[in-house]
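Student: For the first sequence, our numbering assigns the number 49 to the initial residue and increments by one for each residue that follows. Glycine is no exception: its CB is placed at the ideal position from the N, C-alpha and C atoms.
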Amino acid sequence: MPLTANNSVSYDEAIWTAIGFIPEGKVATYGQVAEIAGFPRTARAVGRVLSKLPKDTLIPWFRVINAKGEISFPIGSSRYDAQKQRLQDEGVVVLNGKINLKSYRWEI
DNA sequence: GCGTTGACGGCGG
DNA sequence: CCCGCCGCCAACG
Numbered sequence: 049m050p051l052t053a054n055n056s057v058s059y060d061e062a063i064w065t066a067i068g069f070i071p072e073g074k075v076a077t078y079g080q081v082a083e084i085a086g087f088p089r090t091a092r093a094v095g096r097v098l099s100k101l102p103k104d105t106l107i108p109w110f111r112v113i114n115a116k117g118e119i120s121f122p123i124g125s126s127r128y129d130a131q132k133q134r135l136q137d138e139g140v141v142v143l144n145g146k147i148n149l150k151s152y153r154w155e156i
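(1) Where does GLU138 sit, in a helix, a strand or coil, going by DSSP?
(2) Going by C-alpha distance, which of PRO71, SER120, GLN133 is nearest VAL94?
(3) Tell me whether VAL112 is buried or exposed, calling it buried when 16 or more other Cβ atoms sit within 10 Å of its Cβ.
(4) Would you report the Cα separation of TRP154 and ASN114, rounded to the nearest angstrom?
(5) Distance check for GLY73 and SER126, CA to CA, integer angstroms please.
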């Protein structure tokens, strides 16, 4: 469990692993990633883990969006544009900052 | 120890 | 579709 700084490392790795399972061209929500990683109800913690990833990480963080099907960044911000670009590059349609979860959500 | 702050989520109005 | 409200978890000052 992500309780202290010690075990937070294993928590982070669990999150990274879960995100790594998301197929190309598909997306998953923060809550979904947390659940798959084995830590239900820690969606916010997932966002925190992603926020501290190096910008050159190989982890497909851009495939993680919020439950509304939106990119969790202010529209127009550099981070928003970067995520939108990465998604569209692999075929995910981003319209008005939103993604159709019915079509692109990764289902197990 | 406490209030605040997020790359959050779900429900109701 | 937009808002507000509440629950949730960890980091930070």
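Tutor: Walking through what the data contain:
(1) coil
(2) SER120
(3) buried
(4) 13 Å
(5) 21 Å
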